[in-house]
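Undergrad:
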Amino acid sequence: MRTFVHGESVWGVASPRRPSRVAGVTMAGFHVRDLDALRMVPHPAVTLLLEFGAGSAVLDGAAGRRHLGSLVAGPGFGSGGAVWARGENVECVQVRLSPVIAHAVLGVSPAELDGAVVTLDDLWGPEAPRILERLAASSSWDDRFALADALLARRHEARAPVDPEVAWAWERIVGGRGLIRVDGLAEEVGWSRKRLWSRFRAQLGLRPKQAVKLVRFDHAAHRLVAGVGAARVAADAGYADQSHLHRDVMAYTGVTPASVAGERFLAVDDLAWPATA
Numbered sequence: 001m002r003t004f005v006h007g008e009s010v011w012g013v014a015s016p017r018r019p020s021r022v023a024g025v026t027m028a029g030f031h032v033r034d035l036d037a038l039r040m041v042p043h044p045a046v047t048l049l050l051e052f053g054a055g056s057a058v059l060d061g062a063a064g065r066r067h068l069g070s071l072v073a074g075p076g077f078g079s080g081g082a083v084w085a086r087g088e089n090v091e092c093v094q095v096r097l098s099p100v101i102a103h104a105v106l107g108v109s110p111a112e113l114d115g116a117v118v119t120l121d122d123l124w125g126p127e128a129p130r131i132l133e134r135l136a137a138s139s140s141w142d143d144r145f146a147l148a149d150a151l152l153a154r155r156h157e158a159r160a161p162v163d164p165e166v167a168w169a170w171e172r173i174v175g176g177r178g179l180i181r182v183d184g185l186a187e188e189v190g191w192s193r194k195r196l197w198s199r200f201r202a203q204l205g206l207r208p209k210q211a212v213k214l215v216r217f218d219h220a221a222h223r224l225v226a227g228v229g230a231a232r233v234a235a236d237a238g239y240a241d242q243s244h245l246h247r248d249v250m251a252y253t254g255v256t257p258a259s260v261a262g263e264r265f266l267a268v269d270d271l272a273w274p275a276t277a
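The opening residue of the sequence shown carries number 1 in UniProt numbering; numbering runs sequentially from there.
1. Would you mind sorting E127 into buried or exposed? The rule is 16 or more other CB atoms within 10 Å of its CB.
2. Run through DSSP, which three-state label would V13 get?
3. Could you give the first and the last residue of the continuous beta strand (DSSP E) run that contains G87?
4. In chain order, what residues of the same chain have a beta carbon less than 7 Å from the beta carbon of A102, not counting five sequence neighbours either side?
5. Shorter than 9 Å from the beta carbon of G76 to some beta carbon of chain B?
6. Is the stretch 63-75 touching the stretch 205-220 in the sense that three or more CB pairs, one from each, lie closer than 8 Å?
7. Suppose the cutoff is 7 Å on Cβ atoms and the five residues either side in sequence are ignored; what does the same chain contact list for R21 look like?
8. From L147 to P19, what distance separates their C-alpha atoms?
9. Could you give the first and the last residue of the continuous alpha helix (DSSP H) run that contains G175?
10. Among V83, A57 and S56, which residue has its Cα nearest to the Cα of G64?
11. Suppose you measure from the CA of Y239 to the CA of G227; what does that come to, to the nearest Å?
12. Which ranges does the alpha helix (DSSP H) cover as unbroken runs of at least 4 residues, wholly within the stretch 165-247, from first to last along the chain?
13. Name the DSSP bridge partner or partners of E51?
14. Would DSSP call A277 helix, strand or coil?
15. Consult DSSP for F77 and reduce its assignment to one of helix, strand or coil.
16. Tell me M27's beta-bridge partners as DSSP assigns them.
17. Identify the continuous beta strand (DSSP E) that holds H43 and give its terminal residues.
18. In terms of residue numbering, what span does the beta strand (DSSP E) encompassing A57 cover?
19. Using a threshold of 9 Å, state whether the C-beta atoms of L204 and V41 are closer than that.
20. Nearest to L48 by alpha carbon, out of I173, L113 and L224?
21. So what's R144 in DSSP terms, helix, strand or just coil?
22. From the DSSP output, in three-state form, read off A258 for me.
23. State buried or exposed for A258, treating a residue as buried only when at least 16 other CB atoms are found within 10 Å of its CB.
And the structure:
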């Protein structure tokens with residue numbers, strides 16, 4: 001486990017030694033003694049949080065909604081900067097699931113999450129506490145990652161994947177970092193625009209244009225964290241101008257590009273998710 005220091009925050013961070021056996025799954029482990037007001041920044045993945053420590057994380061959302069413990073959140077969760085996490089002595093495995101495999105792994109489509117949070121108990125019933133007990137009983141982070149990966153692989157194998165055309169369109173968007181014309185995707189897969197838009201939304205929980213916007217924002221936000229100036233980021237990420245970047249960042253986070261560059265949720269990625277940051 002390595003140490004992440006950001007201002008007064010000190011976290012323990014662990015990463016798996018090897019990739020998941022399921023393409024589209026990445027994991028990281030966290031031990032945080034004092035999780036103080038962490039803004040949740042939207043990400044183009046489904047988040048699965050497996051919390052097993054003695055403490056407990058609290059997620060405060062919009063309209064006063066509060067969530068405790070292990071949970072699942074859809075892609076883009078936290079838009080507007082209205083969702084905050086806090087807690088003491090938090091230990092968890094955080095899993096990022098590509099929307100392409102989320103239905104198979106979770107048993108529900110990302111579209112059914114609709115940007116909301118679902119507790120793991122509500123989603124998996126009696127299986128949830130058994131999984132968390134096994135994680136808590138594991139003696140090392142390597143064992144916890146292996147346990148989580150075996151669980152995800154088993155669930156993934158038991159269900160049908162999304163349409164290959166939908167998966168291909170998603171990978172094109174991610175691979176292009178949002179710098180593609182969505183109107184050309186349907187023609188490339190040989191479907192009508194209406195059919196691709198409908199199946200994409202039903203299976204992944206986002207419309208193609210929403211996916212492009214979210215992927216582009218994620219790339220731009222990490223460039224800002226890396227210290228690249230807003231004007232350069234706007235040009236490289238395909239925004240019309242710096243004002244366009246400013247509006248997108250405000251819409252997703254509720255803060256300016258200058259402020260988002262200091263967000264801990266993003267700053268930890270180089271350490272927690274080195275292959276994807």
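Where a beta carbon is used, it is the ideal one built from N, C-alpha and C, also for glycine.
TA: Looking at the coordinates:
1. E127 is classed as exposed because its beta carbon has fewer than 16 other beta carbons within 10 Å across all chains shown.
2. If DSSP states are grouped into helix, strand and coil, V13 belongs with the strands.
3. Counted as a single uninterrupted DSSP element, the beta strand (DSSP E) harbouring G87 occupies residues W84 to L97.
4. If you ignore the 5 residues before and after A102, its C-beta comes within less than 7 Å of the C-beta of V46 and P110, all in its own chain and listed in chain order.
5. The structure shown contains no chain B; it holds only a single protein chain.
6. Because the criterion of three Cβ pairs below 8 Å is met, the stretch 205-220 and the stretch 63-75 touch.
7. Here the set comprises D149 and A153.
8. Their Cα atoms are separated by approximately 13 Å.
9. Note, G175: alpha helix (DSSP H), P164 to G175.
10. Taking only the C-alpha atoms, the option nearest G64 is V83.
11. The alpha-carbon separation between Y239 and G227 amounts to approximately 18 Å.
12. Taken in chain order, the complete alpha helix (DSSP H) segments of 4 or more residues contained in the stretch 165-247 are 185-189, 193-204, 208-225 and 230-236.
13. C92, per the DSSP bridge assignment.
14. In this predicted model, A277 has a pLDDT of only 49, less than 50, meaning its place in the structure is not dependable; the value taken from the coordinates is given anyway. Correct three-state label for A277: coil.
15. Here F77 sits in coil by DSSP.
16. Note: M27 sits in a beta bridge opposite V95.
17. Taken as a continuous stretch (DSSP letters only), H43 belongs to no beta strand (DSSP E), as it is neither H nor E.
18. Secondary structure note for A57: its beta strand (DSSP E) is the uninterrupted segment S56 to D60.
19. Result no, Cβ atoms of L204 and V41 do not sit closer than 9 Å.
20. That would be L113, whose Cα lies nearest to the Cα of L48.
21. Helix at R144.
22. Residue state, collapsed to three classes: helix.
23. Burial call: exposed.
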